[in-house]
Amino acid sequence: KVTFSWLFPLFLFINIAEADLSGLLSYSVFLAFYGAVLFTFLMTCWLSPSLLKTHKESGAVFALGSTYSNTIIVGLPILISVLSPSVTAQVFLIISFHSAMLFAATSILASMGSNNIFDFKSFLVGLLKNPLLIGIYSGLIINFMGIAFAEFISNTLHLITKPALTLALFILGANLYQYRLSGSFGHIISASVIKLLLLPLITLLLAHGVFCLNSDIVMILVVLTACPTGVNAYIVACQQNQGQSVVAGSVVMSTLLSALTIPAWLLLLEYGVFL
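This is the structure:
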């Protein structure tokens, strides 16, 4: 609770509040990232009932488990170690609408499939209560307002948030005991393959082949989309009461397999196999 309710949100807040965001990203970066994520999400939602024999009502939840990336807890530490700490601001800007877009799309499509009414107010309240999103958006507000912290405040926040990344990775691994590889093993494997291989491949094709972004940005986008399924996808599945076992299994399977697939993507990008 200390790590995810305080240390990590404060880490996000102080780093993005003090980052130089002027001219950092172009629209093509967002189009490459969100275009790949949304395209993969919609295609998975549409095709999974016929190709994978998933229940039509749970197609949106299955698509969420196949596309929602653990960008902050897994992706950010990897990119900092591979590139530099300065990549933090770019990552925050890129993923600022990642959760909101996928959670909203899942809730709307799942409600349509089950003939339920999408409760926008509850959805918005849930987002506003998410500590990580609070850290990101409040940091953006402070940054855009041009508010500078006193040096002792800045130093204090940086000091107490230094363990955030390490603790988050440790807790992520320890918390996997909550999720089981139960239910349809075929669906879990399919979701993991889409998440770890197909989504980053589509991202790479868009980022490099269509928008011709520089190699560092391409690496950032590919790593972010190649991250394993985020645990918040399981929370959404529980809220929708659909596909819980498959999403839980996808969290475990994709996290384990990402120890192999993410280094593979980094090697392919480093040696320019696709570039």
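The sequence shown begins at 956 in the working numbering and counts up by one. We put the beta carbon where it would ideally sit given N, CA and C, even for glycine.
Backbone CA spacing between residue i and residue j [nearest angstrom]
i     : j     : result
A972  : C1167 : 29 Å
A1060 : P1218 : 30 Å
L1176 : N1110 : 30 Å
K1008 : F968  : 43 Å
G1235 : L1120 : Outside the modelled stretch of the chain, which goes from 956 to 1230, sits residue 1235, for which no answer is possible.
G1101 : L1038 : 27 Å
I1172 : L976  : 15 Å
I1096 : Q1133 : 35 Å
G1227 : S1170 : 9 Å
I1144 : F1104 : 47 Å
K1084 : V1165 : 37 Å
F994  : I1157 : 9 Å
L1057 : V1016 : 10 Å
S1192 : H1142 : It should be pointed out that residue 1192 corresponds to Ala in this sequence rather than to Ser. Approximately 15 Å between the Cα atoms of the pair.
F1099 : N1130 : 36 Å
K1076 : L1222 : 44 Å
P1004 : Q1195 : 17 Å
I1190 : L997  : 20 Å
Contact belief for residue i with residue j at Cβ below 8 Å, rounded distance in angstroms
i     : j     : result
V1029 : P1183 : 6 Å
S1209 : S1147 : 4 Å
N1025 : G1185 : 4 Å
I1149 : T1043 : Not a contact, Cβ separation roughly 28 Å.
L1122 : L962  : 7 Å
V1178 : L1034 : 6 Å
L1087 : I1027 : 6 Å
Paired residues, beta bridge with residue i - DSSP
i     : result
S1024 : T1184
Residues near residue i by beta carbon distance below 6 Å, same chain, minus five either side
i     : result
M1174 : L1224
A1188 : L1019, G1020, Y1023 and V1202
T1216 : L1151
N970  : T1043
Contact set for residue i: own chain, Cβ-Cβ below 7 Å, skip 5 residues either direction
i     : result
L1212 : S1147 and L1151
L1161 : A987, G990 and A991
S1139 : V1201
P1032 : L1120 and L1124
Own chain, CB closer than 8 Å to residue i, minus 5 neighbours either side, in chain order
i     : result
L965  : G1090, L1112, I1115, T1116 and A1119
R1135 : S1200, A1203, G1204 and V1207
I1126 : T958 and F959
S983  : F1166 and L1168
W1220 : P1155, V1177, V1178 and A1181
Across the segment 1197-1213 and the segment 1012-1022, are there enough close Cβ pairs to call them in contact, namely three or more that are closer than 8 Å? yes
Can we say the segment 1045-1057 touches the segment 1075-1091, given the rule of at least three CB pairs closer than 8 Å? With the cut-off at 8 Å, the segment 1045-1057 and the segment 1075-1091 touch.
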